[in-house]
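First up is the structure itself, then whatever we jot down about it.
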Amino acid sequence: MVARNPNDVGSMISSAKSAAASCLAVFLAVPAAAASSVEVELAPHLAVYDVGLERSTAASGVEDFRGRLVFRIAGSSCAGYETETRFLGEVSGETGAAVTDTRSTTSESADGRRFSFHSERYTGDELLEETEGVARRTGEGVAVELERPDGESFALPADVAFPSQHMVMILEAALEGRRIVVSQVYDGSESGHFAYDTTTTIGRKKSPMPEDQPRDLQGNAGSAMSRWTSWPVTIAYFDPTSEDPYLPAYEFTYDLFANGISRSIRLDYGDFVLSGRLASLELGDAPDCDL
(Lines of atoms letter the chains of each structure in order from A and count residues from 1; the text may use other names and numbers.)
(Lines give C-alpha, C1' and ligand atoms only; values in the text may rest on other atoms or scores of the structure.)
Protein backbone atom coordinates (compact mmCIF):
# COMPACT_ATOMS: atom_id res chain seq x y z
CA MET A 1 0.00 0.00 0.00
CA VAL A 2 1.27 3.50 -0.85
CA ALA A 3 0.99 5.78 2.19
CA ARG A 4 -1.37 8.66 1.61
CA ASN A 5 0.16 12.14 1.85
CA PRO A 6 -0.99 13.83 5.09
CA ASN A 7 -2.20 16.83 3.13
CA ASP A 8 -4.38 14.53 1.00
CA VAL A 9 -5.67 12.86 4.15
CA GLY A 10 -6.21 16.31 5.64
CA SER A 11 -8.24 17.26 2.59
CA MET A 12 -10.39 14.15 2.99
CA ILE A 13 -10.83 14.82 6.71
CA SER A 14 -11.74 18.42 5.87
CA SER A 15 -14.39 17.16 3.45
CA ALA A 16 -15.81 15.01 6.20
CA LYS A 17 -15.62 17.92 8.63
CA SER A 18 -17.36 20.18 6.16
CA ALA A 19 -20.13 17.62 5.96
CA ALA A 20 -20.30 17.48 9.74
CA ALA A 21 -20.47 21.25 9.94
CA SER A 22 -23.32 21.27 7.46
CA CYS A 23 -25.14 18.67 9.52
CA LEU A 24 -24.78 20.82 12.64
CA ALA A 25 -25.64 24.08 10.93
CA VAL A 26 -29.34 23.46 11.19
CA PHE A 27 -32.63 24.71 12.61
CA LEU A 28 -35.56 26.68 11.17
CA ALA A 29 -39.29 26.58 10.43
CA VAL A 30 -40.38 23.87 8.01
CA PRO A 31 -42.35 24.96 4.91
CA ALA A 32 -46.13 24.99 5.12
CA ALA A 33 -46.34 21.99 2.79
CA ALA A 34 -44.75 19.88 5.50
CA ALA A 35 -46.79 21.28 8.40
CA SER A 36 -46.80 19.21 11.58
CA SER A 37 -49.04 18.79 14.59
CA VAL A 38 -46.13 19.59 16.92
CA GLU A 39 -44.09 22.75 17.32
CA VAL A 40 -40.31 22.77 17.32
CA GLU A 41 -38.35 25.67 18.78
CA LEU A 42 -34.57 25.53 18.64
CA ALA A 43 -32.40 26.79 21.48
CA PRO A 44 -29.79 29.45 20.65
CA HIS A 45 -26.52 28.16 22.02
CA LEU A 46 -22.76 27.84 21.72
CA ALA A 47 -21.50 24.25 21.85
CA VAL A 48 -17.94 22.95 21.84
CA TYR A 49 -17.13 19.32 21.03
CA ASP A 50 -13.84 17.49 21.51
CA VAL A 51 -13.41 15.21 18.50
CA GLY A 52 -11.09 12.25 17.96
CA LEU A 53 -10.52 9.28 15.69
CA GLU A 54 -12.72 6.37 16.72
CA ARG A 55 -11.38 3.93 14.14
CA SER A 56 -9.76 3.81 10.70
CA THR A 57 -8.71 1.29 8.09
CA ALA A 58 -5.26 0.98 6.54
CA ALA A 59 -6.70 2.25 3.27
CA SER A 60 -7.64 5.58 4.86
CA GLY A 61 -4.06 6.51 5.70
CA VAL A 62 -5.37 8.08 8.91
CA GLU A 63 -3.57 7.02 12.08
CA ASP A 64 -4.87 9.65 14.47
CA PHE A 65 -7.05 12.74 14.60
CA ARG A 66 -7.56 15.25 17.38
CA GLY A 67 -9.68 18.33 17.02
CA ARG A 68 -12.35 20.65 18.32
CA LEU A 69 -15.66 21.60 16.79
CA VAL A 70 -17.28 24.90 17.79
CA PHE A 71 -20.88 25.54 16.80
CA ARG A 72 -23.02 28.62 17.45
CA ILE A 73 -26.63 29.24 16.53
CA ALA A 74 -28.63 32.45 17.10
CA GLY A 75 -32.16 33.50 16.25
CA SER A 76 -35.64 32.03 16.51
CA SER A 77 -38.36 30.39 14.44
CA CYS A 78 -39.93 33.81 13.80
CA ALA A 79 -36.71 35.70 13.04
CA GLY A 80 -34.78 33.00 11.22
CA TYR A 81 -31.50 31.45 12.28
CA GLU A 82 -27.81 32.13 11.73
CA THR A 83 -25.06 29.63 12.41
CA GLU A 84 -21.28 29.73 12.69
CA THR A 85 -19.13 26.61 12.71
CA ARG A 86 -15.41 26.04 13.02
CA PHE A 87 -13.74 22.62 13.02
CA LEU A 88 -9.99 22.67 13.69
CA GLY A 89 -7.88 19.56 14.06
CA GLU A 90 -4.65 17.70 13.37
CA VAL A 91 -4.63 14.51 11.32
CA SER A 92 -1.67 12.12 11.42
CA GLY A 93 -0.61 9.48 8.92
CA GLU A 94 2.42 7.40 7.99
CA THR A 95 4.11 10.36 6.30
CA GLY A 96 3.45 13.02 8.90
CA ALA A 97 0.75 15.31 10.22
CA ALA A 98 -1.36 18.14 8.84
CA VAL A 99 -3.62 20.75 10.41
CA THR A 100 -7.10 21.02 8.92
CA ASP A 101 -9.50 23.91 9.42
CA THR A 102 -13.09 24.21 8.19
CA ARG A 103 -15.10 27.41 8.77
CA SER A 104 -18.68 28.04 7.72
CA THR A 105 -21.57 30.44 8.23
CA THR A 106 -25.19 30.04 7.18
CA SER A 107 -28.37 32.09 7.35
CA GLU A 108 -31.94 30.92 6.79
CA SER A 109 -35.03 33.08 6.64
CA ALA A 110 -37.91 32.34 8.98
CA ASP A 111 -40.23 31.45 6.10
CA GLY A 112 -37.78 28.89 4.75
CA ARG A 113 -37.49 30.60 1.39
CA ARG A 114 -33.88 31.82 1.50
CA PHE A 115 -30.66 30.07 2.49
CA SER A 116 -27.23 31.69 2.22
CA PHE A 117 -23.92 30.02 2.96
CA HIS A 118 -20.18 30.65 3.02
CA SER A 119 -17.47 28.11 3.83
CA GLU A 120 -13.68 27.90 3.72
CA ARG A 121 -11.56 24.77 3.92
CA TYR A 122 -7.86 24.93 4.80
CA THR A 123 -4.94 22.56 5.20
CA GLY A 124 -2.34 24.47 7.17
CA ASP A 125 -2.37 28.00 5.75
CA GLU A 126 -3.45 26.86 2.29
CA LEU A 127 -7.02 27.63 1.27
CA LEU A 128 -8.19 24.49 -0.52
CA GLU A 129 -11.76 25.48 -1.21
CA GLU A 130 -14.13 28.41 -0.73
CA THR A 131 -17.84 28.19 -1.38
CA GLU A 132 -20.34 31.04 -1.21
CA GLY A 133 -23.85 31.34 -2.53
CA VAL A 134 -27.56 31.72 -1.96
CA ALA A 135 -30.53 29.46 -2.62
CA ARG A 136 -34.02 30.91 -3.03
CA ARG A 137 -37.27 29.01 -3.00
CA THR A 138 -39.50 30.11 -5.89
CA GLY A 139 -42.88 28.99 -7.17
CA GLU A 140 -41.20 26.59 -9.57
CA GLY A 141 -38.40 25.18 -7.44
CA VAL A 142 -35.18 26.26 -5.74
CA ALA A 143 -32.85 28.63 -7.60
CA VAL A 144 -29.18 28.44 -6.56
CA GLU A 145 -26.63 31.14 -7.36
CA LEU A 146 -22.99 30.43 -6.52
CA GLU A 147 -20.63 33.37 -6.16
CA ARG A 148 -17.75 30.98 -5.41
CA PRO A 149 -16.13 28.80 -6.63
CA ASP A 150 -17.40 29.29 -10.18
CA GLY A 151 -20.39 31.65 -10.38
CA GLU A 152 -22.68 28.85 -11.54
CA SER A 153 -26.49 29.10 -11.37
CA PHE A 154 -28.82 26.11 -11.44
CA ALA A 155 -32.22 24.87 -10.28
CA LEU A 156 -33.23 22.20 -7.78
CA PRO A 157 -36.62 20.52 -7.23
CA ALA A 158 -39.22 22.40 -5.21
CA ASP A 159 -39.28 19.81 -2.42
CA VAL A 160 -35.57 20.14 -1.60
CA ALA A 161 -35.09 21.01 2.07
CA PHE A 162 -32.50 23.38 3.44
CA PRO A 163 -30.49 21.97 6.39
CA SER A 164 -32.47 23.83 9.05
CA GLN A 165 -35.75 22.70 7.58
CA HIS A 166 -34.42 19.16 7.44
CA MET A 167 -33.52 19.19 11.12
CA VAL A 168 -36.94 20.49 12.11
CA MET A 169 -38.53 17.74 10.00
CA ILE A 170 -36.47 15.20 11.95
CA LEU A 171 -37.46 16.66 15.32
CA GLU A 172 -41.12 16.80 14.35
CA ALA A 173 -40.96 13.16 13.30
CA ALA A 174 -39.29 12.21 16.59
CA LEU A 175 -41.91 14.05 18.65
CA GLU A 176 -44.69 12.36 16.66
CA GLY A 177 -43.17 8.91 17.17
CA ARG A 178 -42.11 8.36 13.55
CA ARG A 179 -38.87 6.50 12.85
CA ILE A 180 -37.89 7.35 9.25
CA VAL A 181 -37.48 10.65 7.38
CA VAL A 182 -36.53 10.65 3.69
CA SER A 183 -35.62 13.96 2.07
CA GLN A 184 -33.36 15.62 -0.46
CA VAL A 185 -31.22 18.26 1.27
CA TYR A 186 -29.24 21.19 -0.10
CA ASP A 187 -26.64 22.51 2.34
CA GLY A 188 -24.10 24.21 0.07
CA SER A 189 -21.34 21.68 0.78
CA GLU A 190 -19.09 19.99 -1.80
CA SER A 191 -18.66 23.29 -3.69
CA GLY A 192 -22.44 23.79 -3.59
CA HIS A 193 -23.08 21.90 -6.81
CA PHE A 194 -25.70 19.32 -5.80
CA ALA A 195 -28.24 18.25 -3.19
CA TYR A 196 -27.84 15.09 -1.12
CA ASP A 197 -30.45 12.37 -0.88
CA THR A 198 -30.85 11.52 2.81
CA THR A 199 -32.45 8.83 4.92
CA THR A 200 -32.79 9.51 8.63
CA THR A 201 -33.37 6.78 11.21
CA ILE A 202 -34.71 7.85 14.60
CA GLY A 203 -34.24 5.55 17.59
CA ARG A 204 -36.33 5.13 20.70
CA LYS A 205 -36.89 8.17 22.87
CA LYS A 206 -34.57 8.46 25.85
CA SER A 207 -36.09 9.78 29.06
CA PRO A 208 -34.12 12.42 30.96
CA MET A 209 -31.41 10.78 33.06
CA PRO A 210 -29.37 12.98 35.43
CA GLU A 211 -26.46 10.52 35.28
CA ASP A 212 -26.22 11.12 31.51
CA GLN A 213 -25.29 14.76 32.11
CA PRO A 214 -21.75 15.44 30.85
CA ARG A 215 -19.60 15.62 33.96
CA ASP A 216 -17.68 18.70 32.89
CA LEU A 217 -20.74 20.83 32.14
CA GLN A 218 -21.43 23.19 35.00
CA GLY A 219 -24.18 25.64 35.93
CA ASN A 220 -27.49 26.15 34.17
CA ALA A 221 -26.54 24.34 30.96
CA GLY A 222 -25.49 21.14 32.70
CA SER A 223 -28.50 21.19 34.99
CA ALA A 224 -30.88 21.76 32.08
CA MET A 225 -29.50 18.86 30.05
CA SER A 226 -30.33 16.41 32.82
CA ARG A 227 -34.03 17.21 32.26
CA TRP A 228 -34.16 16.99 28.45
CA THR A 229 -35.61 14.18 26.35
CA SER A 230 -33.44 12.94 23.48
CA TRP A 231 -33.33 10.51 20.56
CA PRO A 232 -30.46 8.66 18.87
CA VAL A 233 -30.49 9.83 15.24
CA THR A 234 -28.53 8.62 12.21
CA ILE A 235 -28.61 10.47 8.87
CA ALA A 236 -27.25 8.68 5.80
CA TYR A 237 -26.17 11.06 3.02
CA PHE A 238 -26.15 9.75 -0.55
CA ASP A 239 -24.19 11.51 -3.30
CA PRO A 240 -26.25 11.42 -6.54
CA THR A 241 -23.06 11.93 -8.58
CA SER A 242 -21.33 8.88 -7.07
CA GLU A 243 -20.57 5.73 -9.07
CA ASP A 244 -22.65 3.89 -6.48
CA PRO A 245 -25.44 6.29 -5.47
CA TYR A 246 -26.97 3.62 -3.19
CA LEU A 247 -23.90 3.55 -0.94
CA PRO A 248 -23.89 6.37 1.65
CA ALA A 249 -21.16 8.95 1.16
CA TYR A 250 -21.15 9.31 4.94
CA GLU A 251 -23.39 8.83 7.98
CA PHE A 252 -23.87 11.32 10.77
CA THR A 253 -25.06 10.02 14.16
CA TYR A 254 -25.86 12.03 17.27
CA ASP A 255 -27.94 12.18 20.43
CA LEU A 256 -30.49 14.86 19.61
CA PHE A 257 -32.50 16.81 22.16
CA ALA A 258 -35.91 18.27 21.30
CA ASN A 259 -34.42 21.78 21.29
CA GLY A 260 -31.84 20.86 18.65
CA ILE A 261 -28.80 20.54 20.91
CA SER A 262 -26.60 17.46 20.51
CA ARG A 263 -24.71 15.75 23.33
CA SER A 264 -22.50 13.54 21.18
CA ILE A 265 -21.64 13.30 17.49
CA ARG A 266 -20.25 10.59 15.20
CA LEU A 267 -19.26 10.92 11.55
CA ASP A 268 -18.72 7.64 9.66
CA TYR A 269 -16.91 8.30 6.40
CA GLY A 270 -16.46 4.64 5.48
CA ASP A 271 -12.76 4.02 6.01
CA PHE A 272 -12.50 6.26 9.06
CA VAL A 273 -14.85 7.40 11.82
CA LEU A 274 -14.67 10.59 13.88
CA SER A 275 -16.54 10.88 17.17
CA GLY A 276 -16.99 13.73 19.61
CA ARG A 277 -18.44 14.57 22.99
CA LEU A 278 -19.86 17.85 24.21
CA ALA A 279 -17.16 19.67 26.18
CA SER A 280 -18.97 22.92 26.94
CA LEU A 281 -22.37 24.48 26.36
CA GLU A 282 -23.65 28.03 26.73
CA LEU A 283 -27.37 28.67 26.33
CA GLY A 284 -28.44 31.91 24.66
CA ASP A 285 -31.59 34.01 24.59
CA ALA A 286 -34.09 33.74 21.75
CA PRO A 287 -35.85 36.83 20.36
CA ASP A 288 -39.44 37.20 21.58
CA CYS A 289 -41.70 36.17 18.72
CA ASP A 290 -44.66 37.95 20.33
CA LEU A 291 -43.08 41.39 20.01
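Residues -34 to -1, 1 to 257 (mature numbering (1 follows the signal peptide of the UniProt record, and there is no 0)) make up the sequence shown, in order. For glycine and all other residues, C-beta sits at the position ideal for the given N, C-alpha and C.
N-terminal and C-terminal residue of the beta strand (DSSP E) that residue i is part of
| i | result |
| --- | --- |
| H11 | 11 to 22 |
| F160 | Per DSSP, F160 belongs to no beta strand (DSSP E) and is neither H nor E. |
| T68 | 62 to 74 |
| L122 | 119 to 122 |
| E50 | 46 to 59 |
C-alpha gap between residue i and residue j, whole angstroms
| i | j | result |
| --- | --- | --- |
| D237 | V57 | 14 Å |
| T167 | V199 | 6 Å |
| V6 | G59 | 43 Å |
| S246 | L222 | 16 Å |
| V4 | S130 | 16 Å |
| L122 | S85 | 20 Å |
| W197 | G169 | 6 Å |
| S42 | G27 | 42 Å |
Neighbourhood of residue i by C-beta distance below 7 Å, restricted to the same chain and skipping five residues each side
| i | result |
| --- | --- |
| E113 | E98, G99 |
| R32 | G18, G55, E56 |
Three-state class that DSSP yields for residue i in the structure shown
| i | result |
| --- | --- |
| I201 | strand |
| I146 | strand |
| S246 | strand |
| I39 | strand |
| S173 | coil |
| A224 | coil |
Residues near residue i in its chain [Cβ-Cβ closer than 6 Å; skip 5 each side]
| i | result |
| --- | --- |
| A124 | G107 |
| V14 | V36, A245, S246 |
| Q150 | V126, A161, D163 |
| T71 | E50, H84 |
Enclosing alpha helix (DSSP H) for residue i [first to last residue]
| i | result |
| --- | --- |
| V100 | Counting along the chain, V100 falls outside any alpha helix (DSSP H), though it belongs to the beta strand (DSSP E) covering 92 to 103. |
| H132 | 129 to 141 |
Residue i burial status per 10 Å Cβ neighbour count (16 or more: buried)
| i | result |
| --- | --- |
| L244 | buried |
| I146 | exposed |
| E138 | buried |
Cut-off 8 Å between Cβ atoms - residues of its own chain near residue i, not counting five sequence neighbours on either side
| i | result |
| --- | --- |
| S119 | A109, V110, E111, L112 |
| W208 | Before going further, note that residue 208 is Ser rather than Trp in the sequence given. Excluding sequence neighbours, S208 sits near A215. |
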